[in-house]
Structure formats: C-alpha cells, structure tokens
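Below: the structure, in structure tokens.
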Amino acid sequence: MAKLIPDARLDAMLAILTNVTAISVCSTQPTTRTEAITTYMLATVAADSSDFTAADDSTVGRKATCGAQSAISITNSGTAQHIAGTDGTNLLWVTTCTSQALTSGGTVTIPAFALKLADAA
C-alpha cells in the first residue's frame, strides 16, 4: 500500500513555517526565538508570508522558496552560520548558511533559499 500526505496538508505545514515576522542572520544555531532575535542575531530583516512561494519540489515533495533579502543592516559583528525565521512568539525554523564574517555597520544579503517538506516514504 502506498503512503500519502496530500499536497494540501504539506502546504498547510509550510504556511505555518512561512508565517514569519522576521528573518535573522545568526552567529550560531538558535534554539529559541530570543536567541534568534537577540542572543545570536547579527542582522535581521522584517518578513512575512508574501516573501515565500509554495510549489512542488521535484526531488522532495513540497517547498516554500524565499526570495533573496538584500542589503540587510548588520547590527552586531560576528560570523554568520545560520538563518532563522521567527514570528511574534516562536522560533519557526533554522537553516545553515555560508559561513562569513559580518561587521556591524555593513550590510548582508541572504540569497534565495527553500524550506522543504518530504512526501511520505
């Protein structure tokens, strides 16, 4: 018997993950919203679900792609290692990024990336 999670259910999960109010560049992996927006935050940009586009992913299942976020002001110096999405109360997701030194007062660009949910296996 085949396993199935309908695309509509995967899209509902992606809708929760993309209901962000901010995307932060962090110096280490945050495990809480406070760590993502304060403790480890090097730069942050306001964001919302309109920054993401849901679609089929030919290798995984479903994905929500976030367009590039350009010229984000760097507020704290450190080495970028993670990107985190948060809403008003929750850490919604964390992903890795290319490690790079950031200097307060400069800007950084987050290239386009995708959050992916696999089909049932």
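Using my numbering, read the sequence shown as starting at 632 and increasing by one per residue. Beta carbons: idealized from backbone N, C-alpha and C, even for Gly. Owing to the predicted nature of the structure, the values given are computational and were not obtained by experimental measurement.
- Ile-647 sits in a helix when the DSSP states are folded into three classes.
- Gln-731: member of the beta strand (DSSP E) spanning 722-733, first to last residue.
- Taken through DSSP and simplified to helix, strand or coil, Ile-654 comes out as strand.
- Per DSSP, Asp-682 lies in no beta strand (DSSP E) and is assigned neither H nor E.
- The alpha-carbon of Thr-662 is positioned some 17 Å away from that of Thr-710.
- Judged by DSSP secondary structure, Ile-636 falls outside any beta strand (DSSP E); it is assigned neither H nor E.
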